[in-house]
Each structure stands twice: as structure tokens, then as C-alpha cells.
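A short write-up of the structure that comes next.
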């Protein structure tokens, strides 16, 4: 098992550009999430999904879109990047309700100039 | 409003001694608590968890204690090893709510 994979590892964008952060898991997990980590802020939930076709907003959803067309993939889209979105982004997955051990990907470091 | 608080940004201990990392929470609906460990340039990894029906859970060198009346939990690492040096996040969830709420993390440094 590869676990949770994320691409790219690093990305630099200019303000206003759009991009998609990719996330995939091969553990057949129902639940997937996107977090951002900023210095002194811990991990904050952006969006999450409890299964294919079902997504919902987390704590800091503005400026981000997600979709879940398959169990394996959960891409995060930045529609118009802003410097405030400079952060490290982590995707996570977990088996299902009652199993709280989340498996995290290695992260994507995004810089918006 | 920060519902999960880790008030110590950093902690330094000597190898072989005990490391105690603390976490406080404010939401009475939280019923499950987890600790994650994170090395630089890697994703967090699950370390240990505890349900609110317990007051202690142990896994090798790691023990988590929960004091519900004080809304406080702590992670004990005995004995501490240099490889334990990492950022430790406390997280909590409540009832059927899927979402995990994380603290800001504590950087543990174990000196040889």
C-alpha cells in the first residue's frame, strides 16, 4: 500500500492563478480530508468527504473547492490563489466512523506570490 | 475560539527522562482524543488515543491520561529518546461529528 499520496510536493503560484492539489489513497477509506498548517496555528480543516459524491466544509473553506468522484481521489482546487493561501497542505484519510486514526499524506508546500 | 489548547509551544528534556505534554479542551461534547506526532517535511502520524470512558491508555513508552472534570489530557513519554523529537499535536472529536479539532502543537526536543 502506498497509503496517502499527494502531488506536487512544492508549488509556487502567482496571485490569481488556479491550481489543483492532488490526493489519492489506496486503503479504500471512506473519509478523506484536507487540512492546512500554518505557523502557530496547528492543523485547520478545509474540506472533508464522508464518501464518493459527498463533501462538506470544514473550518476554513473559503477560496477552496473539492469534489469526490471516486473513493480513491480527493483533489483540492484553488480557484484564484491569494498570498493568504501560502501554507502547507495535508490530505488525510480514515477508514470510517468510529475509527479515528487518520492517515496523513506527506504534504504540499504552496507559496503564493 | 480555540477549543483545543496546547499552551506550551516547546518543551526540552534530557534523554532517558520523562516528557509530559499537556492539552486542555473547552468543548464538553468531545469524547475521543488523539495524539499525533509530526517530523519536519512529513505528514502527522497517529500516536495514541483515548476515549472519554477511560482515564488512561498505555502503548509502550507512551501513556495518555484524561481528566474529564478538568478537561485536561496529557501525554507521557518514558523514557524519552532523541528520536522522539518532533511536534506533537493533540486532537479531539465529539459524538458523531467526524471532524477532528487540533491544537497548535508542542515542539518536543530530547537532548542526548
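Protein chains in written order, with my numbering: chain W, 51 to 163; chain R, 64 to 175. All residues carry an ideal CB built from backbone N, CA and C; glycine is no exception.
Report yes or no: do three or more beta-carbon pairs, one from the segment 69 to 77 of chain R and one from the segment 123 to 133 of chain R, lie closer than 8 Å?
no
Establish whether the CB of residue 151 of chain W and some CB of chain R are separated by less than 9 Å.
A Cβ of chain R is located within less than 9 Å of the beta carbon of residue 151 of chain W.
Is it true that the CB of residue 113 of chain W sits closer than 9 Å to the CB of residue 94 of chain W?
no
Name the chain R residues whose beta carbon is nearer than 7 Å to that of residue 91 of chain W?
Neighbours of residue 91 of chain W on chain R, chain order: 167.
Among the candidates W/58, W/157, W/142 and W/76, whose CA atom is the shortest distance from the CA of residue 82 of chain W?
W/142
Contact criterion: CB-CB distance below 9 Å. Does residue 162 of chain R meet it with respect to chain W?
Closer than 9 Å: yes.
If you drop the 5 nearest sequence neighbours on each side, which residues of the same chain put their C-beta closer than 8 Å to that of residue 70 of chain R?
85 and 87
If we count the other Cβ atoms within 10 Å of its Cβ and call it buried at 16 or more, is residue 152 of chain W buried or exposed?
buried
Is the CB of residue 127 of chain R under 9 Å away from at least one CB in chain W?
no
Rounding to the nearest angstrom, what Cα-Cα distance links residue 91 of chain W and residue 166 of chain R in this structure?
8 Å
Give me the subset of the segment 51 to 85 of chain W whose CB atoms are less than 7 Å from a CB atom of chain R, sorted by chain position.
81
3-residue-minimum beta strand (DSSP E) runs that sit fully inside the segment 65 to 133 of chain W, ordered along the chain
69 to 75, 81 to 88, 92 to 101, 104 to 107, 114 to 116 and 126 to 128
Chain W within 9 Å of residue 108 of chain R, Cβ atoms only
yes
Going by DSSP, what residue range makes up the beta strand (DSSP E) through residue 130 of chain R?
125 to 130
Interface residues of chain W around residue 93 of chain R at Cβ under 8 Å?
Under the 8 Å cutoff, chain W gives no residues; its nearest Cβ is about 12 Å from residue 93 of chain R.
Can you list, in chain order, the residues of its chain with a C-beta nearer than 7 Å to that of residue 87 of chain W? Leave out the 5 residues immediately preceding and following it.
Counting only Cβ-Cβ distances below 7 Å, and skipping sequence neighbours, we find 93, 137, 138 and 140.
Using CA coordinates, which residue listed in W/134, W/115 and W/119 is at the minimum distance from residue 127 of chain W?
Answer by Cα proximity: W/115.
Contacts around residue 119 of chain R, its chain only, beta-carbon distance under 8 Å, and the 5 residues preceding and following it disregarded
113, 126, 127, 128 and 129
Length of the line joining the Cα atoms of residue 154 of chain W and residue 144 of chain W:
9 Å
Go ahead and pull the three-state DSSP assignment for residue 61 of chain W.
strand
In whole angstroms, what separates the C-alpha of residue 75 of chain W from that of residue 157 of chain R?
25 Å
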